[in-house]
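**Q**
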Amino acid sequence: MRKILIANWKMNPVSELEAIQLAKVSDAKGVVVCPPFIFLNQVRNVLKVADLGAQDVFWENPIPGGAFTGEISVSMLKKAGVSHVIIGHSERRRHLRETDGMINKKFRAAIAFGLKVILCVGEPLAVRKQGLAAAKTFVRGQLLKDLESTRNLKIRHSNFLVAYEPIWAIGTGKPDKPEESAAMAVFIKSILFSKFQISGSRVLYGGSVTSGNVDRILKYDEIDGALVGGASLKPKEFEKIIQITENI
Ligand code: PGA
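Take 2 as the starting number for the sequence shown in the numbering used here and just add one per residue.
Following this line, the structure appears as structure tokens:
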């Protein structure tokens, strides 16, 4: 199966022109481009083959709208041509104090109303220092809480991806050892199957992915793609990542 690349632009770039230029080089099959909300329309107009993703969504989805200042609903995203949404990114968990309970509500709204979810999980450094087993226990806890009470929803491998992103590897230039991420991916898939009966789910790796390491990571069959932050903002670098990924 084709490996997936998620381009998470975070709070970048500043101008519309830069967003359009970046979208042009990111437009390849298997790529999901996730710009800030403010550039969704412009990026959608550029993309021909890549999918459009959002970096967050609110859990309430009243139609036509509601009194939730600053928030964006699933329906608004869908109308804007968005197919995917990132939920539970560690930066939001940390800076905005997003809890697993909030993530669970966002997750349920997104799936129920037809968006594909990229759910981010991953352990902090203090946990990983205790070893991979401790990291697995941490990630298992996140999955159980983030996916609680979702059995009535139609979660399938086609509308649900997990991004395993060890927090200490994000933006640090220090990626996880690929063999350990591969072991974590296997573990996550086994939890999804045993606890939620989701089979064939795909698990991506995120954290300091570059053109210099993407092949070593994605050569593992267990890892179904990569969530790329910083390197997705550098046009030449991201083009290289796309090329390498296409040839794996
Ligand atoms: P990074 O970010 O690639 O800059 O480490 C990954 C992410 O978006 O979490």
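From the three backbone atoms N, C-alpha and C, an ideal C-beta is built for every residue, glycine too.
If we require 4 or more residues per run, which alpha helix (DSSP H) segments fall completely within the segment 64–110?
**A** 75–80, 91–96
**Q** Does any C-beta atom of chain C lie closer than 8 Å to the C-beta of LYS49?
**A** In the structure shown, chain C does not exist; there is a single protein chain.
**Q** Helix, strand or coil, according to DSSP, for ILE119 in the structure here?
**A** As a working mapping, residue 119 is identified with position 118 in the sequence shown. Of the three classes helix, strand and coil, the one that applies to ILE119 here is strand, per DSSP.
**Q** I'd like the list of long-range same chain contacts for ILE156, defined as Cβ closer than 8 Å, with 5 residues on each side in sequence excluded.
**A** By one-based count along the sequence shown, residue 156 stands at place 155. Answer for ILE156: ILE112, LEU148, PHE197, ILE199, listed in chain order.
**Q** In angstroms with no decimal places, state the Cα-to-Cα distance between ASN46 and ARG95.
**A** Working through the sequence shown from its first residue, we reach residue 46 at position 45. Working through the sequence shown from its first residue, we reach residue 95 at position 94. Their Cα atoms are separated by approximately 32 Å.
**Q** In this structure, how does DSSP classify LEU162 when only helix, strand and coil are distinguished?
**A** Counting from 1 along the sequence shown, the entry for residue 162 is found at position 161. Here LEU162 sits in strand by DSSP.
**Q** Looking at HIS96 and the ligand PGA, is the gap between the Cβ and the nearest heavy atom below 7 Å?
**A** Within the sequence shown, numbered from 1, the residue matching residue 96 stands at position 95. Incorrect: HIS96 has no Cβ contact closer than 7 Å to the ligand PGA.
**Q** Report whether the distance from the Cβ of LEU18 to the nearest heavy atom of the ligand PGA is below 7 Å.
**A** In the sequence shown, counting from the first residue as 1, residue 18 sits at position 17. LEU18: no, Cβ never under 7 Å from the ligand PGA.
**Q** Leaving aside the five residues before and after GLU180 along the sequence, list all residues of the same chain whose C-beta is less than 8 Å from its C-beta, in chain order.
**A** Taking the first residue of the sequence shown as 1, we reach residue 180 at position 179. For GLU180, where only same-chain residues beyond five positions count, the Cβ hits under 8 Å are TYR221.
**Q** State yes or no: is the C-beta of VAL204 nearer than 7 Å to some heavy atom of the ligand PGA?
**A** For the purposes of this step, residue 204 is taken as the residue at position 203 of the sequence shown. Because no heavy atom of the ligand PGA lies under 7 Å away, the Cβ of VAL204 does not count as near it: no.
**Q** For ILE245, which residues of its own chain have a beta-carbon under 7 Å away from its beta-carbon, when the five flanking residues on both sides are left out?
**A** Along the sequence shown, one-based indexing puts residue 245 at 244. Around ILE245: SER212, VAL215, ASP216.
**Q** Would you list the residues sitting across from ARG45 in a DSSP beta bridge?
**A** Within the sequence shown, the letter at position 44 stands for residue 45. In DSSP, ARG45 forms no bridge with anything.
**Q** Which class does ALA1 belong to by DSSP, given the choice of helix, strand or coil?
**A** The question about residue 1 has no answer here: the residues shown for the chain are numbered 2 through 249.
**Q** Give me the DSSP bridge partner(s) of GLY172.
**A** Within the sequence shown, numbered from 1, the residue matching residue 172 stands at position 171. Under DSSP, GLY172 shares a beta bridge with no residue.
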